[in-house]
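Step one of this worksheet: look at the structure below.
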Amino acid sequence: MKTKAAVVYEPGKRIEIEELDLDGPRDGEVLIRYTHAGLCHSDIHIAHGDLEARMPMVLGHEGAGIIEEVGPGVTRVAPGDRVVCSFIPNCGVCRYCATGRQSICDWGATILDGYLPGPRFAFTGSRGEYGGMCMLGTFSQYGVIHQNSAVKVDDDLPLEAAVLVGCGVPTGWGSAVYAAKVTPGDTVAVYGIGGIGINAVQGARYAGAKNVVAIDPLENKREKAMELGATHAFATAEEAQQAITEMTRGQGADSAILTVDLMTAEVVGAGFNAVGKDGVVVVTGLNKLLEPTINLPGSILTLFRKTVKGTLFGDCNPTYDIPKLLGLYQAGDLKLDEIITKNYRLEEVNEGYDDLLAGKNVRGVVVHEH
Ligand SMILES: NC(=O)c1ccc[n+]([C@@H]2O[C@H](COP(=O)([O-])OP(=O)(O)OC[C@H]3O[C@@H](n4cnc5c(N)ncnc54)[C@H](O)[C@@H]3O)[C@@H](O)[C@H]2O)c1
Ligand SMILES: [Zn+2]
Ligand SMILES: [Zn+2]
Numbered sequence: 170m171k172t173k174a175a176v177v178y179e180p181g182k183r184i185e186i187e188e189l190d191l192d193g194p195r196d197g198e199v200l201i202r203y204t205h206a207g208l209c210h211s212d213i214h215i216a217h218g219d220l221e222a223r224m225p226m227v228l229g230h231e232g233a234g235i236i237e238e239v240g241p242g243v244t245r246v247a248p249g250d251r252v253v254c255s256f257i258p259n260c261g262v263c264r265y266c267a268t269g270r271q272s273i274c275d276w277g278a279t280i281l282d283g284y285l286p287g288p289r290f291a292f293t294g295s296r297g298e299y300g301g302m303c304m305l306g307t308f309s310q311y312g313v314i315h316q317n318s319a320v321k322v323d324d325d326l327p328l329e330a331a332v333l334v335g336c337g338v339p340t341g342w343g344s345a346v347y348a349a350k351v352t353p354g355d356t357v358a359v360y361g362i363g364g365i366g367i368n369a370v371q372g373a374r375y376a377g378a379k380n381v382v383a384i385d386p387l388e389n390k391r392e393k394a395m396e397l398g399a400t401h402a403f404a405t406a407e408e409a410q411q412a413i414t415e416m417t418r419g420q421g422a423d424s425a426i427l428t429v430d431l432m433t434a435e436v437v438g439a440g441f442n443a444v445g446k447d448g449v450v451v452v453t454g455l456n457k458l459l460e461p462t463i464n465l466p467g468s469i470l471t472l473f474r475k476t477v478k479g480t481l482f483g484d485c486n487p488t489y490d491i492p493k494l495l496g497l498y499q500a501g502d503l504k505l506d507e508i509i510t511k512n513y514r515l516e517e518v519n520e521g522y523d524d525l526l527a528g529k530n531v532r533g534v535v536v537h538e539h
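Laid out in structure tokens, this is it:
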């Protein structure tokens, strides 16, 4: 069949909309009709060449849709099911899945190549075989994905909101709840209030933090953070540092969660200084794969028993956490509609990313037309 998709051919070039051919689902695969796709910063890292990916690639890794057809051996989903895609597949049996660490499933190894197991490419077009970002490629009207990337959700969930639980929400929420292990009464600093950071704010607040300090140079982001659970908001790390020192009487924050768009040693240094003894710094935001973004005084790390850790997908287990987070949304404890700034048509994907880079959006969402 044919599908319209947003493709990146070369780093630094604009994203192009092209009609591609889509093969049918084979063993373990499903045909999905995407209804919505979120505009996460990670796709722009690919388009800019910060993350080196195999090209051409159909972008988009935050997605939701409806299963149209299933290939042989598919047991996890059936035609008609509504699903949220997981940007890391979970095989269920590798050492990481088997021990409750689905976010680092071995199947994640090829998400920047974007092919399906085999390897094989379901998308083909004028420039040969096309991968899909994170083995998905949600900026396409239709996709063929592996069942290990699809999580069935309740029939009555609005996919226009649930789509965010494919990446931004679990990554941010889990960065606070799982990676930073926020506990009641904590002081937590969140650096960078985009689609990821706003959910770190929500997670920290839900986990019972006393002080949730949001740091972002943009006023609209700080306002949104205050609306959704932050107790303080500052434009700079320096102002936040001073306030954290005062509010904790010199002890420092319990954790710092770093969700800026382009990670730097400066931001990691700010988070490191903001946390006190036994404090945890969670590095969620990305930069070029080999860019040295950590330059810290190791003896302070040792003597203050600090921890600096990375997290992928907020350490979430997609088959458990995606339904759980959607349950919190249904209960009103997790806000999703409030963090969608604007909807776009697939053809407007470049405009959506221009808006993201201009700081206008907490999250933009592509609404697919069929
Ligand atoms: N680890 C993971 O599993 C994972 C998953 C998804 C996204 N990411 C990464 O997380 C990062 C954030 O993604 P997003 O979609 O939320 O991006 P975004 O563009 O929506 O938000 C980034 C925010 O950081 C702010 N910012 C920039 N520099 C800052 C600074 N020095 N101090 C404070 N705030 C600053 C920006 O103003 C913006 O509001 C990206 O690098 C993305 O690739 C990681
Ligand atoms: Zn993402
Ligand atoms: Zn696995």
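Yeah, the sequence shown ends on 539 if you go by the numbering used here, and it's all consecutive. Even for Gly, the Cβ is constructed at its ideal location relative to N, Cα and C.
Pair within 9 angstroms by beta-carbon distance, residue i and residue j
i	j	result
residue 239	residue 288	no
residue 213	residue 232	no
residue 522	residue 208	yes
residue 342	residue 483	yes
residue 357	residue 424	yes
residue 362	residue 383	yes
residue 235	residue 247	no
residue 488	residue 348	no
residue 448	residue 478	no
residue 283	residue 297	no
residue 531	residue 517	no
residue 216	residue 173	no
residue 275	residue 260	yes
residue 421	residue 445	yes
residue 486	residue 264	no
residue 328	residue 367	no
residue 311	residue 228	no
Residue i classed as buried or exposed, judged by whether at least 16 other C-beta atoms fall within 10 angstroms
i	result
residue 203	buried
residue 170	exposed
residue 346	buried
residue 393	buried
residue 250	buried
residue 262	exposed
residue 316	buried
residue 464	exposed
residue 179	exposed
residue 469	exposed
Cα-Cα separation, residue i to residue j
i	j	result
residue 306	residue 386	31 angstroms
residue 504	residue 272	23 angstroms
residue 198	residue 293	17 angstroms
residue 322	residue 211	24 angstroms
residue 242	residue 515	32 angstroms
residue 434	residue 409	17 angstroms
residue 426	residue 369	7 angstroms
residue 501	residue 492	14 angstroms
residue 230	residue 222	13 angstroms
residue 320	residue 539	22 angstroms
residue 405	residue 268	39 angstroms
residue 281	residue 473	37 angstroms
residue 416	residue 325	43 angstroms
residue 372	residue 337	12 angstroms
residue 378	residue 400	10 angstroms
residue 187	residue 513	17 angstroms
residue 220	residue 402	30 angstroms
residue 339	residue 471	30 angstroms
residue 175	residue 206	11 angstroms
residue 266	residue 258	10 angstroms
residue 462	residue 454	10 angstroms
residue 456	residue 226	19 angstroms
heavy atom of ligand 1 below 8 angstroms from residue i C-beta
i	result
residue 530	yes
residue 466	no
residue 336	yes
residue 482	yes
Check: residue i C-beta below 8 angstroms from any heavy atom of ligand 3
i	result
residue 199	no
residue 486	no
residue 275	yes
residue 320	no
residue 261	yes
residue 265	yes
residue 410	no
Any non-hydrogen atom of ligand 2 within 8 angstroms of residue i CB
i	result
residue 521	no
residue 211	yes
9 angstroms Cβ cutoff, residue i in contact with chain D
i	result
residue 504	The structure shown contains no chain D; it holds only a single protein chain.
Closest by C-alpha distance to residue i, when choosing among the options
i	options	result
residue 525	510, 300, 481, 485	510
residue 355	374, 192, 264	374
residue 573	499, 519, 371	Since the displayed the chain opens at 170 and closes at 539, residue 573 lies outside it and no answer follows.
residue 395	225, 480, 507, 175	507
residue 437	302, 226, 228, 360	360
residue 452	445, 269, 431, 316	431
residue 459	218, 403, 177	218
residue 277	252, 328, 303	303
Cβ-heavy atom distance, residue i to ligand 4, below 8 angstroms
i	result
residue 457	Judged by which ligands are present, ligand 4 is missing from the structure shown, whose ligands are ligand 1, ligand 2 and ligand 3.
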